[in-house]
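For the sequence shown, the numbering used here gives the first residue as 120, with consecutive numbering after it.
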Amino acid sequence: MKLKAKSISSEILQHFLLEEEFNLEKLRRESTRFNPFYHLMGNSNGAHHLVFWKWLLDPNQNHGCRDWFLRKLVLSAYHIPAAIKNQIQLSNHSYTEVHNQYNHQDLVIENRRSGWALLVGAAPEEDLPIDHLAIQYQQHSQRDFAPQAYVHYILLAIRPHEARRLPGMDGYDTILFNEVHQWLGEGLSSLELDEPIALFIDHYKRYLKLEVMSAGKELRNLAQQIYWKHKSALDYILANRPILNTPEHFQDVFKFFREDERYAALTPQKDEIFRFLPVIIQDKFRYGSYSWHHMYEMFCLEMVFEEDAIMVKFTFGGIWHKDAERREYLQQLKDSMFDTMQRFESLQPYLSERGHSRGKYPAVALYPLMHLSDLEESEGDFMQAFLHRFDEFERTVLWPWTEEVSQYIPDRPEIS
């Protein structure tokens with residue numbers, strides 16, 4: 120791999136490792152704790168938090184908490200009158216609806232039969248301007264709430280915000296994330312929840328603590344201090360970090376498929392995406408649809424190389440034939456094959472939610488073949504890691520899929 124940063128001396132790298140050994144271990148320990156919310160949310164923002172609260176505050180959801188967290192929210196809102204709090208708690212929650220509005224920037228919890236509505240926003244950003252609220256939520260006054268409904272706005276925030284009257288609102292409260300964090304702890308200890316539900320809520324609780332409250336900011340500050348102190352060493356390390364989508368790795372994989380007689384390598388050597396098929400079923404898809412350059416197949420397995428992952432897509436190509444009647448014939452074949460493959464047992468765990476047969480390059484399924492961590496386990500030997508993961512793919516998915524293709528995809532007619 121070519122170096123992407125100017126060379127530095129080994130003494131600089133050794134000095135960096137020795138001086139920051141303790142802090143690097145602290146960062147490694149904290150950053151490697153698995154938590155799905157780091158992947159779901161990325162940089163914390165209000166809309167992402169409200170995806171979680173839409174589920175947890177809905178008393179009709181499958182979490183088993185019933186209205187426990189909704190009651191916590193209502194009781195913690197200081198400016199909701201006691202009579203309204205009782206009205207909300209005594210409501211028949213089978214009529215309570217929870218949904219997002221305005222590009223997921225806030226949450227509406229509403230019971231039209233009981234005549235109340237709560238609007239919930241989230242401001243995990245510490246420097247959110249107070250005036251932002253009045254501007255952002257003026258549009259709520261335009262909403263068609265139930266006649267004479269009590270409407271209250273609640274902001275989940277990292278710091279207190281000025282109490283104000285917002286247009287179209289009967290009241291306004293700020294509830295701090297510190298208090299929300301306490302609710303989650305109380306709920307986990309007092310409610311009898313199924314283990315997966317409890318684990319999911321606990322992940323969010325820990326995410327809240329690390330990213331929104333103090334600990335996450337401390338780690339980010341530490342990381343930034345280390346970076347500026349050792350910028351040249353870290354720039355060099357980052358520029359030469361191990362990645363999967365290198366020309367060398369692509370050529371190694373290309374060579375493997377060229378030499379394995381069980382496969383037809385369909386991609387010219389210069390391409391960045393590798394396409395292939397098992398030879399035994401290749402002819403079933405050779406309809407001359409010109410879906411890809413240099414290819415006659417209308418379907419292939421597409422191996423996509425990314426920096427930290429290699430994916431295999433079970434994908435159909437576009438149909439670019441000049442003759443309209445021929446295009447329609449090929450599209451009907453594509454529709455039929457696509458629908459058939461969606462029912463294959465071998466692909467069920469990996470079906471693409473977005474795929475549909477009328478798309479230009481629709482994927483029936485997406486298989487995660489390899490991750491950067493596989494390279495670490497093989498001590499940097501790319502082909503060793505690749506062959507190990509590909510062997511597993513063959514045994515569990517590829518050959519069972521090939522058998523289903525042989526059985527359920529019709530042979531190509533001699534005149535096609």
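For glycine and all other residues, C-beta sits at the position ideal for the given N, C-alpha and C.
Check your understanding: Would Leu307 pass as a contact of Ile294 if the rule is Cβ separation under 9 Å?
Key -> no
**Study point:** Member of Arg278, Cys184, Leu238 whose CA lies at the smallest distance from the CA of Glu314
**Key:** Cys184
**Study point:** Per-residue burial, Gly290 [other beta carbons within 10 Å of its own, 16 or more giving buried]
**Key:** buried
Check your understanding: Secondary structure at Ser260, three-state DSSP: helix, strand or coil?
Key -> Annotation note: pLDDT 42 at Ser260 (below 50); position unreliable, coordinate value reported separately. Helix.
**Study point:** Inter-residue CB distance, Ile528 and Thr459 (contact presumed, cutoff 8 Å)
**Key:** 6 Å
Check your understanding: To the nearest angstrom, how far is it from the Cα of Asp354 to the Cα of Glu367?
Key -> 23 Å
Point to revise | Buried or exposed (CB count within 10 angstroms, at least 16 for buried), Leu357 | key: exposed
Exercise for review: Tell me whether the beta-carbon of Leu452 lies closer than 9 Å to the beta-carbon of Met417.
Suggested key: yes
Check your understanding: Is it the case that the CB of Ile294 approaches a heavy atom of the ligand MN more closely than 8 Å?
Key -> The ligand MN is absent from the structure shown, which contains no ligands of any kind.
Check your understanding: Looking only at DSSP bridge pairs, what is Ile294 linked to?
Key -> Leu275
Check your understanding: Mapping DSSP to helix, strand and coil, what is Trp520?
Key -> helix
Review point. Looking at the unbroken beta strand (DSSP E) that takes in Ile429, where does it start and where does it end?
Key: 428-435
**Study point:** CA nearest to the CA of Gly304, picked from Ala196, Phe376, Lys191, Thr215
**Key:** Lys191
**Study point:** the region 394-403 in contact with the region 514-531 per 3-pair CB rule at 8 Å
**Key:** yes
Practice item. For Leu470, collect the residues of the same chain with a Cβ closer than 6 Å to its Cβ; drop the 5 residues on either side in sequence, then sort them by chain order. Key: Ala484
Check your understanding: CA-CA distance, Arg531 and Asp402?
Key -> 7 Å
Practice item. Measure the CB-CB distance between Met422 and Pro487 and report whether it falls below 9 Å. Key: no
Exercise for review: Put Glu416 into one of helix, strand or coil per three-state DSSP.
Suggested key: strand
Review point. Just curious, the alpha helix (DSSP H) that Tyr214 is in, first and last residue?
Key: First-last for Tyr214: undefined, no H or E at that position.
Practice item. Classify Phe424 as helix, strand or coil using the three-state DSSP reduction. Key: strand
Review point. Is DSSP giving Asp402 helix, strand or coil here?
Key: helix
Practice item. Return the first residue and the last residue of the alpha helix (DSSP H) that Glu447 is part of. Key: 443-461
Check your understanding: Closest by CA to Phe319, which one among Trp172, Gly407, Gln450?
Key -> Trp172
**Study point:** Helix, strand or coil at Asp225 according to DSSP, with G and I counted as helix
**Key:** strand
Exercise for review: Using a threshold of 9 Å, state whether the C-beta atoms of His349 and Glu130 are closer than that.
Suggested key: no
**Study point:** Rounded straight-line distance, which links the Cα of Asp321 to that of His167
**Key:** 17 Å
Review point. What residue from Arg405, Phe375, Glu495 has the CA that sits closest to Ile362's CA?
Key: Glu495
Practice item. Note down, in chain order, each residue of its chain lying with its Cβ closer than 6 Å to the Cβ of Asp186, except the 5 sequence neighbours on either side. Key: Pro178, His212
Point to revise | Member of Gly499, Glu522, His300 whose CA lies at the smallest distance from the CA of Phe463 | key: Glu522
Review point. What separation, rounded to the nearest whole angstrom, lies between the Cα atoms of Ser309 and Gln343?
Key: 40 Å
Exercise for review: For Trp411, count neighbouring Cβ atoms within 10 angstroms of its own Cβ and tell me buried if that reaches 16, exposed if not.
Suggested key: buried
**Study point:** Element boundaries [beta strand (DSSP E), containing Tyr382]
**Key:** 382-384
Check your understanding: Applying the criterion that 16 or more other CB atoms from any shown protein chain within 10 Å of the CB defines a buried residue, is Glu380 buried or exposed?
Key -> exposed
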